[in-house]
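Asker: Take a look at the following structure, please.
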Amino acid sequence: MLKVTNLSVQYGMIQAVKDVSFEVNEGEIVSLIGANGAGKSTILRTISGLVRSTSGAIEYLDKDITKTPSRKIVEQRLIQVPEGRHVFKGLTVQENLDLGSFTRKGKEGIKEDLEQVFERFPILAERKNQDASTLSGGEQQMLAMGRALMSKPKLLLLDEPSMGLAPIFIKEIFRIIQDIQKQGTTILLIEQNAKVALEIATRGYVLETGKIVLSDTGKNLLKSDEVQKAYLGG
1 MLKVTNLSVQ
11 YGMIQAVKDV
21 SFEVNEGEIV
31 SLIGANGAGK
41 STILRTISGL
51 VRSTSGAIEY
61 LDKDITKTPS
71 RKIVEQRLIQ
81 VPEGRHVFKG
91 LTVQENLDLG
101 SFTRKGKEGI
111 KEDLEQVFER
121 FPILAERKNQ
131 DASTLSGGEQ
141 QMLAMGRALM
151 SKPKLLLLDE
161 PSMGLAPIFI
171 KEIFRIIQDI
181 QKQGTTILLI
191 EQNAKVALEI
201 ATRGYVLETG
211 KIVLSDTGKN
221 LLKSDEVQKA
231 YLGG
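For the sequence shown, full-length UniProt numbering assigns the number 1 to the initial residue and increments by one for each residue that follows.
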């Protein structure tokens with residue numbers, strides 16, 4: 001579904017991503033883990049068309065999208081939930097969700113999809129007329145994910161969904177991520193919390209200073225001595 005080949009990204013003199021290659025197959029949860037500054041978010045932003053690569057290629061559904069504008073990428077149902085949620089302040093929960101369906105060419109099914117979002121995130125139904133900025137961090141993360149789901153993604157990019165959340169919200173968010181995958185959405189997950197990311201991952205890649213240094217199934221990476229020492233306190 002997604003193939004990244006020899007991707008490099010540079011900010012001025014800083015080489016943020018160095019010759020990175022990986023794949024995401026349909027139906028998988030693939031996790032990219034690594035420390036702050038490893039290049040995880042830069043990779044996601046480059047896939048989404050928000051950052052331009054200096055070299056390499058990105059293919060999505062067998063089409064080269066390396067230079068495709070971000071709005072066109074969204075129309076192809078490759079959707080990102082950004083780090084920090086970025087809900088629209090001054091708009092209600094309902095209005096934020098409505099904006100998620102803005103790029104859909106056919107408007108049929110939007111009402112049913114909204115009902116599904118409210119079933120998955122009951123707190124959003126309770127607060128649909130509330131300003132999105134007044135929600136808690138965990139609730140805003142649910143809103144950001146619900147807004148993305150209103151776009152009917154084929155591939156969902158999640159950037160640090162657990163950041164700043166209480167443990168009870170982290171557990172719930174990752175349960176929902178698994179549920180979304182089981183219902184047919186492929187997921188590429190960027191996450192600092194290596195343990196929870198690898199526990200749900202079909203496969204994983206470990207990034208260090210812009211390079212992939214390890215790749216395997218999520219279960220095997222959890223058992224890896226290198227991963228245990230670097231990320232799991234083993």
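Ideal placement from N, C-alpha and C gives every residue a C-beta, glycine not left out.
This structure is a prediction, so every number in the text was calculated from the model and none was measured.
Could you check if Gly12 is buried or exposed, using at least 16 other CB atoms within 10 Å of its CB as the buried criterion?
Answerer: Within the sequence shown, numbered from 1, the residue matching residue 12 stands at position 12. Label assigned to Gly12: exposed.
Asker: Which one or two residues does DSSP pair with Leu189 in a beta bridge?
Answerer: Residue 189 sits at position 189 when you count from the first residue of the sequence shown. Paired residue(s): Ser31, Leu158.
Asker: What do you get for Gly146, buried or exposed, if any count of 16 or more other CB atoms within 10 angstroms of its CB means buried?
Answerer: Numbered from 1 along the sequence shown, position 146 holds the residue referred to as residue 146. With 16 or more other Cβ atoms within 10 Å, it is buried.
Asker: Contact defined as beta carbons within less than 8 angstroms: I believe Glu50 pairs with Ser21. What is the distance between those atoms, to the nearest angstrom?
Answerer: If you number the sequence shown from 1, residue 50 lands on position 50. If you number the sequence shown from 1, residue 21 lands on position 21. For clarity, residue 50 is Leu in the given sequence; the question names Glu instead. Not quite, the Cβ-Cβ distance comes to about 20 angstroms (not below 8 angstroms), so this is no contact.
Asker: Please identify the residue among Phe121, Lys152, Leu135, Arg127 whose C-alpha is closest to the C-alpha of Phe102.
Answerer: To locate residue 102, count along the sequence shown from 1; it is residue 102. With distances taken between Cα atoms, Phe102 lies closest to Lys152.
Asker: Alpha carbons only, please: which of Asn6, Ile79, Val81, Asn25 is nearest the one belonging to Ser55?
Answerer: If you number the sequence shown from 1, residue 55 lands on position 55. Ranking the options by Cα distance to Ser55, first place goes to Asn6.
Asker: Please identify the residue among Thr185, Pro82, Gln116, Lys105 whose C-alpha is closest to the C-alpha of Pro161.
Answerer: One-based indexing of the sequence shown puts residue 161 at position 161. Checked all of Thr185, Pro82, Gln116, Lys105; the closest Cα to Pro161 is Pro82.
Asker: Are at least three pairs of beta-carbons, each pair with one atom in the stretch 160 to 180 and one in the stretch 76 to 92, less than 8 angstroms apart?
Answerer: yes
Asker: If you count every other CB in all the chains shown that lies within 10 Å of the CB of Glu28, and 16 or more means buried, which is it?
Answerer: Locating residue 28 in the sequence shown gives position 28, where the first residue counts as 1. Burial call: buried.
Asker: Between which two residues does the alpha helix (DSSP H) holding Asp131 run?
Answerer: Counted from its first residue, the sequence shown places residue 131 at position 131. No alpha helix (DSSP H) contains Asp131, which DSSP labels as neither H nor E.
Asker: Residues in its own chain within less than 6 angstroms of Gly138 by CB, not counting five upstream and five downstream?
Answerer: Reading the sequence shown from its first residue, position 138 is the one you call residue 138. Annotation for Gly138: Leu165, Phe169 place their beta carbon closer than 6 angstroms to its own, counting only its chain and skipping 5 residues before and after.
Asker: Less than 7 angstroms between C-beta atoms, sequence neighbours within five positions excluded: which residues of the same chain meet that for Lys18?
Answerer: Here residue 18 is taken as the residue at index 18 of the sequence shown, counted from 1. Same-chain partners within the cutoff: Ser8, Gly210, Lys211.
Asker: Counting Cβ pairs, one atom from each stretch, are 3 or more of them under 8 angstroms apart for the stretch 92 to 107 and the stretch 119 to 128?
Answerer: yes
Asker: Taking the CB atoms as reference points, tell me whether Leu214 and Val227 lie closer together than 8 angstroms.
Answerer: Within the sequence shown, the letter at position 214 stands for residue 214. Within the sequence shown, the letter at position 227 stands for residue 227. Yes, these two residues count as a Cβ contact at 8 angstroms.
Asker: Spell out the partners DSSP gives Ile212 in its beta bridges.
Answerer: Along the sequence shown, read from residue 1 onward, the residue named residue 212 stands at position 212. DSSP lists Leu207 as partners of Ile212.
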